[in-house]
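**Student:**
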Amino acid sequence: MAALALVMFVGSGAAFAYSEIQGNVTRHDINDLLGSRPDVGDGTSPPPPIDSKSGQPINILVMGSDVREGESDVDGAGAAGLVAGMRSDTTMIAHISANRSRVEIVSIPRDTLVDIPSCRLPDGRETAPQYDAMFNSAFQTGGQTGDVGAAAACTIRTVEQLTDVYIDDFVVVDFAGFTNMVDALGGVPMYVPEAVNDSFANLHLEQGCQVLDGTDALGFARARKSLGDGSDISRIGRQQELVAAIAREALSKNLLTDAPALYQFLDASTSTLTTGPYIGGLTTMAGLANSLRGLDAESISFVTMPFDWAGPRVRPSPDADALWAALGADEPIQATLTGTGEPPTNKSTTEPTSTGTPDAGEVTPTEPPVVEDDAPDDGVVSASPEPTIPVCTK
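When the letters of the sequence shown are read in order and numbered with mature numbering (1 follows the signal peptide of the UniProt record, and there is no 0), they come out as residues -17 to -1, 1 to 377.
(1) Nearest CA to the CA of aspartate 115: which residue from Asp98, Ala121 and Gly129?
(2) In the structure shown, what three-state DSSP assignment does tyrosine 149 receive?
(3) Per DSSP, histidine 11 is paired with what?
(4) Excluding sequence positions up to five away, which residues of its chain have a Cβ less than 7 Å from the Cβ of threonine 128?
(5) Start and end of the alpha helix (DSSP H) containing proline 90?
(6) Provide the residue span of the alpha helix (DSSP H) that contains methionine 268, from first to last.
(7) Between aspartate 151 and isoleucine 43, which are expected to be in contact by the criterion C-beta below 8 Å, what is the C-beta distance as a whole number of angstroms?
(8) Please name the residue, chosen from Asp15, Ser80 and Ile13, that lies closest to glycine 277 on a Cα-to-Cα basis.
(9) Terminal residues of the continuous alpha helix (DSSP H) containing arginine 221?
(10) If methionine 117 and threonine 74 are in contact, beta carbons under 8 Å, what's the gap, nearest whole angstrom?
(11) In this structure, does DSSP put glutamine 247 in helix, strand or coil?
(12) By Cβ distance, which residues of its chain are closer than 6 Å to valine 86, with the 5 residues on each side in sequence left out?
(13) I'd like the span of the beta strand (DSSP E) that includes valine 286, first residue to last.
(14) Ignore the nearest five residues each way along the sequence and tell me which others in serine 101's own chain have a CB closer than 7 Å to its CB.
(15) Is it true that the CB of glycine 263 sits closer than 7 Å to the CB of arginine 83?
(16) For glutamate 314 and aspartate 181, what's the separation of their Cα atoms in angstroms?
(17) Which of the three DSSP states is assigned to isoleucine 262 in this structure?
(18) Which of the three DSSP states is assigned to leucine 16 in this structure?
(19) Given a cut-off of 7 Å on the beta-carbon distance, is the pair leucine 186 and glycine 202 in contact?
(20) Could you spell out the range, first to last residue, of the beta strand (DSSP E) harbouring leucine 195?
(21) With asparagine 163 as the anchor, note down where its alpha helix (DSSP H) starts and where it stops.
(22) In this structure, what does DSSP give as the bridge partners for leucine 186?
(23) Find the nearest neighbour of glutamate 281 within the set Ser300, Leu271, Ala308 and Arg231, judged by alpha-carbon distance.
(24) Would you tell me roughly how many angstroms separate the C-alpha atoms of alanine 135 and alanine 318, rounded to the nearest one?
(25) Would you mind working out which of Val89, Val8, Lys377 and Ile91 sits nearest serine 235, comparing C-alpha positions?
(26) Would you mind working out which of Thr253, Val131 and Asp130 sits nearest methionine 164, comparing C-alpha positions?
(27) Can you tell me which of Gly125, Val131 and Asp130 puts its alpha carbon nearest to the alpha carbon of arginine 140?
(28) Go to threonine 124, then tell me how far its beta strand (DSSP E) extends in each direction, as first and last residue.
(29) Specify the secondary structure class of aspartate 72 as computed by DSSP and reduced to three states.
(30) Would you give the residue range spanned by the beta strand (DSSP E) that glycine 129 belongs to?
(31) Please list, in chain order, all residues of the same chain as serine 90 whose beta carbon is under 6 Å from its beta carbon, the five residues on each side excluded.
(32) Around the Cβ of asparagine 14, are there at least 16 other Cβ atoms within 10 angstroms (buried) or fewer (exposed)?
(33) Using a Cβ-Cβ cut-off of 6 Å (strictly less than) and excluding sequence neighbours within five positions of serine 209, which residues of its own chain qualify?
(34) Kindly list the residues whose CB is nearer than 7 Å to the CB of serine 120, restricted to its own chain and excluding five residues on each side of it in sequence; keep chain order.
(35) Quick check on the DSSP output: the beta strand (DSSP E) that includes leucine 310 runs from which residue to which?
(36) Count the other C-beta atoms from every protein chain shown that fall within 10 angstroms of the C-beta of glutamate 177, then say buried if there are 16 or more, exposed otherwise.
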C-alpha cells in the first residue's frame, strides 16, 4: 500500500522528506545467504532491480515478524523475559503479474510441516537441515544471530525449496510498523463476526462493524484463543480479510493530492520496515507503484496454500502443486484452482448490496454473499475470491 502512494511523492521535489522516508527503511542485501536458486521462470539469470522495466512478474515474500523489542513489545513479554528471539507470525507470497493487472496473495500456514534447508548465517556458519519442521521455524533459524535479513533469507530458501518459485525480494513488517500503518489511515473499518473479550490479546470488541485502530487491528489479526476454532488456519482467513480491508481503505483515500496525509502515511508505513536492497528503494518502489496505477481492490485476491491435516499440523496437499505452477507461470491462480483443492459445496451466491449512504462517522456493512455449505471441513483450502463477511465502510 505504501508503494502506491509514492508515485507523486517521489517526483514532488520534497528532498528533505524523501531522505527522511528513505531513512526509515532498513535494507539488507542477502544474496550471499541464499545459495542456489530456482530459475526466474525463463531459465535466465536473476532480473535487474525490481520493475526497472515492465513486463516481468514479481514475487515478494511478505513476513510479519514477532520480535518483542521496543515498540513491538506490545504485551511486555519481551521486557519480562517471557518471549525472546525472532519468530515469523505471518508469511505471504505477494505475486504481481507481468501486466500489472492483478496482485495475488498466497498465505502459507505457519504450522505447515516442511523441510528447511541448510541456511548460511552472517557469521559464516551453516545451520543443519531440518526435516518435517514447522514452517515458521525457518525465520527463527535464520535469525538466531539477531539479523532480520538472515531470518528472511532462510525463509526465502525454505519457500523456494517448497514451491520452486523464484522470490524476487522480501518485506518484513513488525508489530509496531503494522500498528502505525493502520493508525495513519485513521483506522480500518472491519466486521467483527462475534463479540471478543480476550484478555490474553488485550482485545475487547463488540460484534458488528467497527473501526479498528492500530492496536485493535493487530490484536484482531493475532488472536486465536477467542475467535473461530482457535486454529492458525482460521486466523489466516481473518488476516486476509483484514489485509483486504486495509487495501480498500488505502485505495479509497486520495493520498496523492493530500501532501500532509501522504507524508504521514508513508512515514508510518516505512517506520520499522525491513526489505531487500531493491524493493526498499523509494525510486524502485515508485516505479512499481506507477505501473500499478490502474489497480483496484477487486484486482487483489487471496489464497491459502491447499493443505491436508497432519495431526495438529498441516502438509501441502497435491493441489498445492497447481498453485505453485501457476505462480511460476504467471497464470491467474483463481482459474488454476477452480475445481481443485476445495471440498464439494452447494453454494448460492448473491451480489453484495449497499445499505445506502451512511451519515458521517457511521460504519455501514454491505451484505455478504449467501453461502450454503453442507460439506465437512476436510482441511483443504483453496482460493477465496468472495468476501465471507460483510464489507464495512466508514
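Every residue, glycine too, gets a C-beta built ideally from N, C-alpha and C.
**Tutor:** By the coordinates alone:
(1) Ranking the options by Cα distance to aspartate 115, first place goes to Asp98.
(2) The three-state reading of DSSP puts tyrosine 149 in coil, since its state is none of H, G, I, E or B.
(3) None, per the DSSP bridge assignment.
(4) Excluding residues within five positions, the ones whose Cβ falls inside 7 Å are Leu104, Pro105 and Asp106.
(5) Going by the sequence as given, residue 90 is serine instead of proline. It is not in any alpha helix (DSSP H) - serine 90 instead sits in the beta strand (DSSP E) that spans 86 to 90.
(6) Annotation: the continuous alpha helix (DSSP H) that includes methionine 268 extends over 265 to 274.
(7) Between isoleucine 43 and aspartate 151 the Cβ distance is about 6 Å, and since that is below 8 Å, they are a contact.
(8) Residue Ser80 is the option with its Cα nearest to glycine 277.
(9) That run of the alpha helix (DSSP H) goes 215 to 235.
(10) Rounded to whole angstroms, the Cβ separation of methionine 117 and threonine 74 is 12 Å, and the two are not in contact under 8 Å.
(11) Glutamine 247 sits in a helix when the DSSP states are folded into three classes.
(12) So the qualifying residues of the chain are Ile79 and Ile283.
(13) Start and end: 283 to 287.
(14) For serine 101, same chain residues with a beta-carbon under 7 Å away, outside a window of 5 residues either side, are Glu109, Thr110, Ala111 and Pro112 in chain order.
(15) Against a cut-off of 7 Å, the Cβ pair of glycine 263 and arginine 83 comes out as no contact.
(16) Going from the Cα of glutamate 314 to the Cα of aspartate 181 covers about 41 Å.
(17) The answer is coil: DSSP assigns isoleucine 262 none of H, G, I, E or B.
(18) Looking at leucine 16 - three-state DSSP - the assignment turns out to be helix.
(19) Closer than 7 Å, so yes.
(20) Following the DSSP letters along the chain, one finds leucine 195 inside the beta strand (DSSP E) bounded by residues 191 to 195.
(21) Run containing asparagine 163: 158 to 167, per the alpha helix (DSSP H) assignment.
(22) Bridge partners of leucine 186: Asp181.
(23) Among Ser300, Leu271, Ala308 and Arg231, the Cα nearest to that of glutamate 281 belongs to Arg231.
(24) In this structure, the CA atom of alanine 135 is about 30 Å from the CA atom of alanine 318.
(25) Checked all of Val89, Val8, Lys377 and Ile91; the closest Cα to serine 235 is Lys377.
(26) Checking every option, the nearest Cα to that of methionine 164 belongs to Thr253.
(27) Closest in C-alpha terms to arginine 140, from the list Gly125, Val131 and Asp130, comes Gly125.
(28) No beta strand (DSSP E) holds threonine 124; the alpha helix (DSSP H) holding it covers 120 to 125.
(29) It is a strand residue.
(30) Glycine 129 -> no beta strand (DSSP E), and no H or E assigned at all.
(31) Closer than 6 Å at Cβ, skipping near neighbours: Met75, Ile219 and Thr287.
(32) Flag for asparagine 14 reads exposed.
(33) Taking C-beta separations shorter than 6 Å and ignoring five residues to either side along the sequence, the partners of serine 209 in its chain run Val179 and Asp181, following chain order.
(34) Contacts found: Ile99 and Gln113.
(35) For leucine 310, no beta strand (DSSP E) run applies; the uninterrupted alpha helix (DSSP H) run containing it begins and ends at 302 to 312, by DSSP.
(36) It counts as exposed.
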